[in-house]
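According to the working numbering, numbering within the sequence shown proceeds without interruption in unit steps and concludes at 164.
By construction, the Cβ of each residue, glycine as well, lies at the ideal position given by its N, Cα and C atoms.
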Amino acid sequence: MLRNIEARLTPSPHTSALIDPLFRLLTSLIFIIGGLGHFGQHRMMLERMEESPWAPTVGMIGDPSVLLWLSGIAFVIAGLTLAIGFMTRASALILFATLVPVTVAVHLVPDPSHVGPLFKNVAILGALLLIWARGPGAFALDNRPTACSDEKMILSQPAPPLGE
């Protein structure tokens, strides 16, 4: 009976193909919108970072304001490229590498109100690892034909016989 339920819940290949761009888009939205927040709510975010027990460590890495600008730029650009499936694996790794220190600096604190946001970020890190491991999936710019692949196709075809 349980196998029957599982079989009925299995999506068709067409539906499965639509999941890839939807998964990339839904994962990227938090980075695009959140990254824009690094600019529009810069002062408020700096104040949150200053309240963190990790503030001295962040200060040793660099100017918190500059780091906030840089993480915002990374989130917006890599979020957009992830959404359209361009340089998908690199985008996922850039977002992962940027999200880890942001998560530690802002959410790895003794305040219980940060438990939800902390584990939300952990789940997002899991989604980024899945995208990195699986690649862009269907409907991604990474899958478009390139000039290089056209040349390989031409070179792999036998030459026409002489006289034709």
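Asked                                                                                                                            : Found
Start-to-end residues for the alpha helix (DSSP H) that takes in proline 101                                                     : 88 to 107
Nonlocal neighbours in the same chain, by C-beta distance under 6 Å from proline 136, ignoring five residues either side         : Gly85, Thr88, Asp142
Chain-order list of residues whose beta-carbon lies under 6 Å from that of alanine 17 (same chain, five-residue window excluded) : Ala138
Cβ-based burial, serine 71 [other Cβ within 10 Å; buried from 16]                                                                : buried
Nearest-angstrom Cα separation, counted from glycine 35 out to valine 109                                                        : 22 Å
Leucine 118 - containing alpha helix (DSSP H), residue span                                                                      : 115 to 134
Pair within 8 Å by beta-carbon distance, leucine 118 and phenylalanine 96                                                        : no
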